[in-house]
Structure formats: C-alpha cells, structure tokens
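Participant: This is the structure I have questions about; it appears just below.
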Amino acid sequence: MDSKKYKTEINGSKSLLEINQLEIKYLGRNGEINKLLSAIKDTPNEEKREYGQKVNKIKNDVLRLIEVRRKELRGKTTDEFFDSTLPGKIYPRGSLHIVSLAVEEITKIFEKIGFIRVSYPEVDWEWGAFGSLNMPKGHPARDDFETSYINAPAHPKFDRMVLTPHTSNGQNREMKRVGQPPIRMINISKCYRPNWDATHTPMFHQFEGLCIA
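According to UniProt numbering, the stretch in the sequence shown is residues 1 to 213, in order.
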C-alpha cells in the first residue's frame, strides 16, 4: 500500500466525517489493512513473518495519523463553536473489557508471526462440531449434559444443531476454505457448554490455532 497516498488523504482531511470515512476505508472490516492481512496466506512461508511485520507497521502508522488528525479537527471545531456559557461536564472514561483486551493482544502476537484471525459460526451442526473431528455418536462429549442442543429440525446429513462447545469446528472449515497448505490461522470465539460451577459458566472463550506447512 502506498504510504504517500494514505498520508496525503489523512493529513488532507477537512472534517471529522471525512476522517471517519478514511478510518473505515483503511481500518474497517473490509478495509485496505484487512485486505493486506488476508493476503498473508498467499505469501511464501519464508516471507510471511516479514510481510506480517510490515503490514502491522502500516496499520499502526495509519492509526497514529488518524488519531492525530482527528484531535486537530476536534480542536478546530471546538474553537469555532465553543459556547463559554455552557456548564462544564466531566464524563467517565470507559475501557475495553479484560477479555476484549486479551483477544486483541493474542491476535497481535500471532499476526506478527504470519497468522490470520478467522471467525466461524457459533451455531453449527453436530457433524461440524463432532463428526468431522472423529467424535462418533455415543462419544461422551455429545451427551446432553456436555453440549447445548438447539430445538430445531435436524439436517438429514449433518444431524442436529448445536451451540459450538469448542472452536475446533473452525479447523475443518478453514481447511475446506483454503483448500491446500500453507494454513496459519487462529480462531478466537465464544463457546458453550451446559455446565455451571464455581469456576465455569455456560459461555466461555476459547483460543485455538492451526498451522499446516
């Protein structure tokens, strides 16, 4: 990605609306940065680490430029429309949940070594959650006391619907999507099991990686 282009666009933005649109263009789900990250899987193995580091450097640069320009534009807006008769207000500052922070930190670590983060459904068929992972019918993990089944018609081929009890169903989906090695992915998602005690809740997060050279 041309650094001169995004620097010119960001530094040349004239309004908060424009800077927000540029943020979506470069950092949104379908933005330029994510397109570069998605291309990691097509990069030769010996170049993945260097490529990932370059993309993350660009991402951090874009984040910094957008934040600086946004502060500048907000300052101008305040100067133009400031009403000195308004009472002052102190608003509490929020922060990301500790789980969200952990997800971000783990994702950044793996992106630096060439992995990409993928996401797959939290509702799947029995076949995706068990059959495709060599857990046949009768396996203890498929018991009603271990898995949350959804009250919906079963599929003639893939059996009943379940809330995914683990992220391993994403491994088969990713291998099917990519088709052939190399594969370097991490899947961070919510999982569900009908268990509740002092150290477990029915919903929890699972972090899983897959590397096929």
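Glycine included, each C-beta is placed from N, C-alpha and C at the ideal position.
None of the values given here were measured: they were computed from a predicted structure.
In chain order, what residues of the same chain lie with their CB nearer than 6 Å to the CB of Arg-184, ignoring the 5 residues before and after it?
Facilitator: Gly-114, Phe-115 and Cys-211
Participant: Within the same chain, show all residues whose beta-carbon is closer than 6 Å to that of Leu-36, passing over the 5 residues directly before and after it, in chain order.
Facilitator: Val-55
Participant: Would you kindly work out how many angstroms separate the C-alpha atoms of Leu-96 and Pro-156, rounded to a whole number?
Facilitator: C-alpha of Leu-96 to C-alpha of Pro-156: approximately 43 Å in a straight line.
Participant: So for Asn-187, helix, strand or coil by DSSP?
Facilitator: The DSSP-derived three-state label of Asn-187 is strand.
Participant: Quick check on the burial criterion: 16 or more other C-beta atoms within 10 angstroms. Buried or exposed for Val-68?
Facilitator: exposed
Participant: Would you list, in sequence order, the uninterrupted alpha helix (DSSP H) runs of no fewer than 4 residues that lie entirely inside the stretch 36-92?
Facilitator: 45-81
Participant: Determine whether the beta carbon atoms of Thr-167 and Ser-189 lie at a separation below 8 Å.
Facilitator: Yes, the pair counts as a contact, with Cβ atoms nearer than the cut-off.
Participant: Pick out whichever of Asp-2, Leu-73 and Asp-42 has its Cα sitting closest to the Cα of Lys-57.
Facilitator: Asp-2
Participant: In the DSSP assignment, find the unbroken alpha helix (DSSP H) run with Ile-106 in it and report its ends.
Facilitator: 98-112
Participant: In terms of alpha-carbon separation, which member of Gln-53, Asp-61, Gly-52 and Gly-31 lies closest to Asn-11?
Facilitator: Asp-61
Participant: Could you tell me which of Ser-38, Leu-22, Glu-18 and Arg-93 sits nearest to Val-118, measuring between CA atoms?
Facilitator: Ser-38
Participant: In this structure, how does DSSP classify Gly-31 when only helix, strand and coil are distinguished?
Facilitator: coil
Participant: In whole angstroms, what separates the C-alpha of Thr-107 from that of Glu-46?
Facilitator: 21 Å
Participant: Nearest-angstrom Cα distance between Gly-131 and Lys-4?
Facilitator: Those two C-alpha atoms are separated by around 51 Å.
Participant: Roughly how many angstroms lie between the CA atoms of Leu-27 and Pro-194, to the nearest whole one?
Facilitator: 37 Å
Participant: By the 10 Å Cβ neighbour count, where 16 or more other Cβ atoms means buried, how is Thr-8 classified, buried or exposed?
Facilitator: exposed
Participant: Output the boundary residues of the alpha helix (DSSP H) element that contains Met-175.
Facilitator: 169-178
Participant: In its own chain, which residues sit with a C-beta less than 7 Å from the C-beta of His-139, not counting the 5 before and 5 after it?
Facilitator: Here the set comprises Phe-130.
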